[in-house]
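Worksheet: one structure, shown below.
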Amino acid sequence: MAPSHRPPSPALASVLLALLLSGAAGAAEIVGGREAQPHSRPYMASLQMRRDLGSHFCGGTLVHPSFVLTAAHCLQDIPPRLVNVVLGAHNVRAREPSQQHFSVAQVFQNSYDAENKLNDVLLIQLNRPANLSASVATVQLPQQDQPVPHGTQCLAMGWGRVGTLDPPAQVLQELNVTVVTFLCRPHNVCTFVPRRSAGICFGDSGGPLICDGVIQGVDSFVIRECATRQFPDFFARVALYVDWIRSILRRVGAEGRP
Ligand SMILES: *[C@@H]1O[C@H](CO)[C@@H](O)[C@H](O)[C@H]1NC(C)=O
Ligand SMILES: *[C@@H]1O[C@H](CO)[C@@H](O)[C@H](O)[C@H]1NC(C)=O
């Protein structure tokens, strides 16, 4: 999220504040993760400000050649026409030959409740279909209402970065996480990393939680600050929105737009 924009929720505001106060280098990226093998997560999208190459502010996931799933709070304060969607990236600060850049044709929300952070999902239709390749591919969606049991091993990932603070996470980071149910809610999937300080952080919002090769979550929020070792990380539960996603793909297809 660019620093000039109002942070979208109290929880995220407190994350930003914690980072401002600490100024800790590295605190803005996925905490405690590792660099992903380049282009091994070809569904991963970076949302950037149009006029500022590399100004990553949120993640997203390619669910169809023309559609990226992200978090609703990512675009709450940013007009879609100012947003650039980048696919095929490993280093978001560089112009890599694998990258494909798009503008936003339209966005679709599903009863997003900002105050309670419910239904924090947004579907972005790209201005044209992506060319699928070794570095750009769609992710597999779960079954509608498919459960994600406690203890499931998953992968969180992102370029999480905060405005101009800190050395940016230039290359995609990933982190093994475990699904937990403590403090969680039915609209969320929650994850935790036991025994060390690790988790999603500001700027990872909108990115995917991948479990057994399927997207089960969209990064939504953390409590108090990143990697507390105390609270789980919260993701929107994608399995609740699969019928909705498919209905939009059908609707847009029916209207003759790719
Ligand atoms: C896809 O490939 C075609 C042909 O090479 C090219 O004209 C088009 O711009 C590409 N689209 C994107 C999104 O890069
Ligand atoms: C992370 O998870 C993958 C499977 O998704 C596993 O192969 C790997 O060993 C795990 N890495 C660590 C450090 O636990």
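Numbered according to mature numbering (1 follows the signal peptide of the UniProt record, and there is no 0), the sequence shown spans residues -27 to -1, 1 to 231.
From the three backbone atoms N, C-alpha and C, an ideal C-beta is built for every residue, glycine too.
Just so we're clear, the structure is a prediction, and the values are computed from it rather than from any experiment.
Does Ile218 come out as helix, strand or coil in the three-state DSSP assignment? helix
Around ligand 1, which residues pass a check of Cβ closer than 5 Å to any of its heavy atoms? Gln73 and Asn104
TODO: Can you have a look at Ala87 and say buried or exposed, based on whether 16 or more other CB atoms are within 10 angstroms of its CB?
DONE: exposed
Margin query: Buried or exposed for Gln116, going by 16 or more other Cβ atoms inside 10 Å?
Written below: exposed
- Look at Asn64 and Gln21 and say whether their C-beta atoms are less than 8 Å apart. no
Counted within 10 angstroms of its Cβ, other Cβ atoms place Arg210 as buried (16 or more) or exposed: buried
Nearest neighbour of Val4, chosen from Gly131, Ser108 and Gly180 [CA to CA]:
Gly131
* Asked: Hey, which unbroken runs of the beta strand (DSSP E) at 3 residues or more fall wholly within the stretch 59 to 142?
  -> 73 to 82, 95 to 99 and 126 to 131
- Query: In terms of DSSP beta bridges, what is Ile183 paired with?
  - Reply: Leu128 and Ile188
Nearest to residue 279 by CA position, among Gly179, Arg224 and Ile221, is which residue? Summary: the structure shown does not reach residue 279, with the chain confined to residues -27 through 231, and so no result is reported for it.
Item checked: For Cys174, the first and last residue of its enclosing beta strand (DSSP E) -> Careful: Cys174 lies outside any beta strand (DSSP E) and carries neither H nor E.
Short CB-CB distance (under 8 Å) between Thr151 and chain C:
In summary, chain C is missing from the structure at hand, where a single protein chain is found.
ask   = Going along the chain, which residues put their C-beta within less than 7 Å of some heavy atom in ligand 2?
value = Gln126, Leu128 and Asn149
**Q.** Expected contact under 8 Å - CB spacing of Val94 and Ala44 to nearest Å
**A.** 7 Å
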